[in-house]
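The sequence shown begins at 2 in the numbering used here and counts up by one.
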Amino acid sequence: MGDNKAFLATPYQEELRWVRNAIASACRRLNIELISVDEQVAAGDVIAGIHQYVRSSDFGYVVITGLNANVMYELGLLHQAGKPTIILSDADTAVPFDLRSAMRLEYDAQTKDEARLTDQVAAVTGQLLRFFDQAERTAIVSGVGRSPTLTAQDIGASVFRVAEFEFEDIKNRAARAMGRTGCATSNIMLLDEGSFRGWRLKAKCAGGSTLIVKVDLNGEAFEIDVQE
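Structure follows, in structure tokens:
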């Protein structure tokens with residue numbers, strides 16, 4: 002059994018088998034247990050199984066090529082559970098606007114170079130796993146991570162995006178969602194709660210209320226609360 006568990010959401014199409022194989026090979030290289038619904042869940046228990054394996058995973062891989070409805074549903078579950086997610090797509094897939102800032106790797110569907118994609122997925126996964134480290138997350142809050150951030154050029158990909166942790170932007174969007182104004186960040190603390198990894202941001206708002214935002218490793222507001 003691997004040190005971490007990763008949930009795989011992908012269309013089960015023969016033309017994408019090489020992508021799935023590359024992800025599996027990268028996971029073996031990094032000692033990650035890869036959970037695939039078609040291999041783990043018995044017929045008739047699919048939905049319950051998906052929910053269970055999403056909750057028990059540390060992060061996810063989602064192949065959004067073709068924007069398959071089942072895959073997008075599983076991606077939604079991963080984000081709802083605050084699981085950091087590596088998104089993969091080909092150049093022809095129109096990426097939804099709300100996923101364009103997420104961690105995403107664009108692969109070359111023309112060459113179907115499985116060995117190259119394996120190396121790329123392994124590199125991207127290594128980048129994500131650095132965010133699990135508390136010292137790394139502390140450095141991110143200060144604005145300077147301990148380790149260099151990968152670029153598309155580093156891994157030989159046409160497009161690669163790392164999740165962005167723009168805490169002020171996340172706080173401002175959360176404040177608008179809760180109808181609060183004049184919110185000034187008072188502190189950002191590491192948060193490791195069960196299988197959730199991220200940060201807890203507190204801000205003092207106009208009128209004396211306190212905005213509390215849990216920020217996950219996708220760079221999203223996982224949970225928002227207001228204390229009057």
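Even glycine gets a Cβ: it sits at the ideal position worked out from N, Cα and C. The model shown is predicted, which means the values in this text are computed figures rather than measured ones.
- Taken in chain order, the complete beta strand (DSSP E) segments of 3 or more residues contained in the stretch 37-78 are 60-64.
- Assigned with DSSP and collapsed to three states, D91 falls in strand.
- Taken through DSSP and simplified to helix, strand or coil, V216 comes out as strand.
- Secondary structure of G199 (DSSP, three-state): strand.
- A contact is defined here as three or more CB-CB pairs under 8 angstroms, and the stretch 160-171 meets this definition with respect to the stretch 135-152.
- Counting C-beta pairs closer than 8 angstroms gives three or more between the stretch 82-94 and the stretch 122-139, which meets the contact rule.
- Relative to the Cα of D4, the nearest Cα in the group S159, F98, E34, S187 belongs to E34.
- Secondary structure of T186 (DSSP, three-state): strand.
- Shown here for E115: same chain residues with a beta carbon closer than 7 angstroms to its own, the five before and five after excluded, namely W19, N22, A23 in chain order.
- Within the same chain, and ignoring the five residues on either side of N219 in sequence, the residues whose Cβ sits closer than 7 angstroms to its Cβ are H80, P85, T86, A103, A164.
- Rounded to whole angstroms, the Cβ separation of E107 and D91 is 7 angstroms, and the two are in contact under 8 angstroms.
- If the five residues before and after N188 are omitted, its C-beta is found closer than 6 angstroms to the C-beta atoms of K203, all from its own chain and listed in chain order.
- With respect to the C-alpha of G61, the residue from D93, S196, V227, D120 having the closest C-alpha is S196.
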